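These notes concern the structure reproduced below.
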Amino acid sequence: MAKGLNAGLRRALEADPKVLLAGEDIGKLGGVFRVTEGLQKDFGEHRVIDSPLAESGIVGTAVGLAMRGYRPVCEIQFDGFVYPAFDQIVSQVAKFHNRSAGRQKMPIVIRIPSGGGIGAVEHHSESPETLFAHVPGLKVVTCSNPVDAYWMIQQAIASDDPVIFFEPKRRYHEKAELDTSIPPIPLHSARVVRPGTDVTVLCYGPMVKTCLDAAGAAADEGRSLEVIDLRTLSPIDMATVVTSVRKTGHAVVVHEAVINLGLGAELSARITEQCFYSLEAPVLRVGGFDIPYPPSRVEDQYLPDLDRVLDAVDRSLAY
1 MAKGLNAGLR RALEADPKVL LAGEDIGKLG GVFRVTEGLQ KDFGEHRVID
51 SPLAESGIVG TAVGLAMRGY RPVCEIQFDG FVYPAFDQIV SQVAKFHNRS
101 AGRQKMPIVI RIPSGGGIGA VEHHSESPET LFAHVPGLKV VTCSNPVDAY
151 WMIQQAIASD DPVIFFEPKR RYHEKAELDT SIPPIPLHSA RVVRPGTDVT
201 VLCYGPMVKT CLDAAGAAAD EGRSLEVIDL RTLSPIDMAT VVTSVRKTGH
251 AVVVHEAVIN LGLGAELSAR ITEQCFYSLE APVLRVGGFD IPYPPSRVED
301 QYLPDLDRVL DAVDRSLAY
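Here the sequence shown stands for residues 1 to 319, numbered as in full-length UniProt numbering.
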């Protein structure tokens with residue numbers, strides 16, 4: 001996935017001289033996850049910018065650049081570092097287009113490595129996606145595989161809307177095929193990654209692999225799970241979700257973020273509203289526990305795993 005993002009950023013830089021990258025250590029170092037490796041060498045320090053250690057300054061500068069016709073791509077080094085920039089994102093990035101009656105666009109992409117599973121220290125493993133999905137004026141997306149990473153980052157940069165782009169950090173360096181000849185699907189579309197008939201499992205980002213593993217284990221027990229990678233958290237592609245749930249009659253939502261007021265709550269409400277007469281069980285949610293992200297030694301007990309997904313499937317089918 002890291003290489004897919006790197007290739008996508010490279011292609012965007014080649015295609016449009018107004019595309020700029022900015023972030024802490026993204027130039028000479030290539031970023032802490034090496035996502036931007038080699039880009040400053042090839043495109044120069046004026047387009048791949050090593051910024052000061054100041055997230056508010058990174059995003060605030062991006063607002064000014066966007067107003068002058070540039071397409072800045074900001075990297076927030078870790079998810080827990082985004083909060084100093086939250087005011088800029090919510091008060092300016094999200095509102096300028098509406099505040100100017102459509103005259104001022106904000107083509108800004110804010111890349112955020114997200115989630116846990118890497119054994120990191122405090123502030124380095126969080127899932128703040130609902131904080132941004134709740135804000136009108138922002139688009140929120142997340143990739144789960146190298147091909148999507150390659151295309152989605154380019155689509156986000158080409159968008160005239162501000163996009164919060166979450167990247168599951170524990171999936172950066174997993175081995176997978178990067179076939180750039182596979183055509184992209186629209187940025188704000190969900191994808192059925194495994195067809196099934198018994199239960200719809202909705203997930204995104206780091207949980208897609210976990211849910212696919214769970215579907216494989218369920219198949220050994222004669223149960224057919226349909227796994228959907230949401231890909232876009234705002235707006236949610238409800239058409240794909242509704243079609244699946246009306247077929248299966250069961251829905252389980254899985255995400256790393258805490259369950260309380262998470263994406264699962266919104267999906268549960270919408271599915272209940274739109275699929276009430278098709279549901280054979282309540283929509284169930286699997287997520288992180290309602291505590292601050294724990295020390296890395298016990299994060300495996302905090303993060304949803306195959307067994308917790310299968311337990312929710314069992315409970316859904318038991319109704």
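Think of the CB as a built atom: it goes at the ideal place given N, C-alpha and C, for glycine as much as any other residue. Predicted, not measured: the structure shown is a model, and the values here were computed from it.
Specify, as a first and last residue, the run of the alpha helix (DSSP H) that residue i falls within.
i, result
"residue 56", "55-67"
"residue 8", "2-15"
"residue 129", "129-133"
"residue 309", "306-317"
"residue 99", "96-99"
List the residues that DSSP assigns as beta-bridge partners of residue i.
i, result
"residue 180", "Its beta-bridge partners do not exist; DSSP assigns none."
"residue 229", "191 and 203"
"residue 74", "22 and 110"
"residue 35", "Answer is none; residue 35 lacks a bridge partner."
"residue 50", "23"
Among the residues of its own chain, which have a CB less than 7 Å from the CB of residue i, if the five just before and after it don't count?
i, result
"residue 135", "90 and 94"
"residue 312", "252, 284 and 286"
"residue 278", "245, 246 and 249"
So the beta strand (DSSP E) residue i belongs to, where does it begin and stop?
i, result
"residue 111", "109-114"
"residue 142", "139-142"
"residue 284", "284-288"
"residue 167", "163-168"
Could you check what DSSP says for residue i in three-state terms: helix, strand or coil?
i, result
"residue 244", "helix"
"residue 266", "helix"
"residue 82", "coil"
"residue 221", "coil"
"residue 298", "helix"
"residue 234", "strand"
"residue 255", "strand"
"residue 147", "helix"
"residue 121", "coil"
"residue 281", "coil"
"residue 216", "helix"
"residue 160", "coil"
"residue 175", "coil"
"residue 273", "helix"
"residue 40", "helix"
"residue 89", "helix"
"residue 197", "coil"
"residue 28", "coil"
Got a sec? Which residues, its chain only, sit under 6 Å from residue i by beta carbon, not counting five neighbours each side?
i, result
"residue 160", "105 and 107"
"residue 227", "193, 194, 201, 211, 212 and 215"
"residue 60", "88"
Give every residue of the same chain whose Cβ lies closer than 8 Å to the Cβ of residue i, excluding the five residues on either side of it in the sequence, and list them in chain order.
i, result
"residue 31", "23, 25, 37, 75 and 77"
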